[in-house]
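Under my numbering, the first residue of the sequence shown carries the number 1, and numbering increases by one thereafter. Here the structure is laid out as structure tokens; the discussion comes afterwards.
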Amino acid sequence: MGKPFLLPILTDGHPTLRKAAKKVDEAELRQPAFQQLIDDMFHTMYEAPGIGLAAPQVDVSRRLIVVDLQDDESRPYVFINPKIVESEGEVRSVEGCLSVPGMVGDVVRFAKVTVSGLDRNGKRQRVTATGLLGRCLQHEVDHLDGVLYIDKATNLRAAESEAEQAAANEGGVAYDPHVDGAHSVAS
Ligand SMILES: [Zn+2]
1 MGKPFLLPIL
11 TDGHPTLRKA
21 AKKVDEAELR
31 QPAFQQLIDD
41 MFHTMYEAPG
51 IGLAAPQVDV
61 SRRLIVVDLQ
71 DDESRPYVFI
81 NPKIVESEGE
91 VRSVEGCLSV
101 PGMVGDVVRF
111 AKVTVSGLDR
121 NGKRQRVTAT
131 GLLGRCLQHE
141 VDHLDGVLYI
151 DKATNLRAAE
161 SEAEQAAANE
171 GGVAYDPHVD
181 GAHSVAS
């Protein structure tokens, strides 16, 4: 495996962000170029910095996301062909996106989701998540359908406080006393 490359992140207005991405088949998943893409996406996400990235954001219209909250409890996730198979409750919080730099908005998401898909080795995995991880997974899966959080957000605004600027990164969630159910700060 080569050294990971920094990929340009597309911003709102680019047509790839608005297309439904294609499913990845087993043969494509096993190609070195696809495995390299996964490494490149992690590298690009960490450098941004962000906590999640979907392939369409780097101009690859495939159903692939990477997520890493980079905290003590979480681990990095790769999901190929992810689907939300179970969902429960609703929570509203502040959200941002690397493809919509400097902005945040309030978005209602499921409070708890179970996501099913393949890992980078083609093995089926199921993850049940709440909080920031659950929100980030929903945000990234939306990208695969050409949906941006700004389509769902209310009170879309320029990120001002430090917490909002943190949330302006991918799928970030900021504490905001005016928003119900807001919790941890992504940094
Ligand atoms: Zn995003």
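Glycine included, every Cβ here is placed at the ideal spot set by N, Cα and C.
Length of the line joining the Cα atoms of residue i and residue j
| i | j | result |
| --- | --- | --- |
| Glu162 | Glu90 | 25 Å |
| Ile65 | Phe79 | 5 Å |
| Lys112 | Pro49 | 25 Å |
| Ala192 | Ala159 | In this structure the chain extends from 1 to 187, so residue 192 is not present and cannot be described. |
| Ala129 | His14 | 30 Å |
| Ser61 | Ala20 | 7 Å |
| Glu26 | Asp145 | 20 Å |
| Ser87 | Val127 | 12 Å |
| Glu164 | Glu95 | 8 Å |
| Arg30 | Gln138 | 25 Å |
| Met103 | Cys97 | 8 Å |
| Ile155 | Gly105 | Checking the displayed sequence, the identity of residue 155 turns out to be Asn instead of Ile. When rounded, the distance between both Cα atoms is 5 Å. |
| Glu47 | Val85 | 31 Å |
| Ala166 | Asn121 | 32 Å |
| Leu132 | Tyr77 | 13 Å |
| Gln57 | Leu17 | 6 Å |
| Leu7 | Asp40 | 7 Å |
| Phe42 | Ala153 | 26 Å |
| Lys23 | Glu73 | 30 Å |
In DSSP terms, what residue i is bridged to
| i | result |
| --- | --- |
| Gly105 | Glu95 |
| Val113 | Ser87, Ala129 |
| Ala158 | Met103 |
Helix, strand or coil at residue i [DSSP, three-state]
| i | result |
| --- | --- |
| Gly146 | coil |
| Arg120 | coil |
| Leu7 | coil |
| Ala163 | helix |
| Gly2 | coil |
Cβ contact (3+ pairs, closer than 8 Å) linking the region 146 to 162 and the region 114 to 127
no
In chain order, what are the residue ranges of uninterrupted beta strand (DSSP E) at least 3 long that sit wholly in the region 13 to 86?
52 to 54, 64 to 67
For the region 61 to 76 against the region 91 to 98, are there 3 or more C-beta pairs whose distance is under 8 Å?
no
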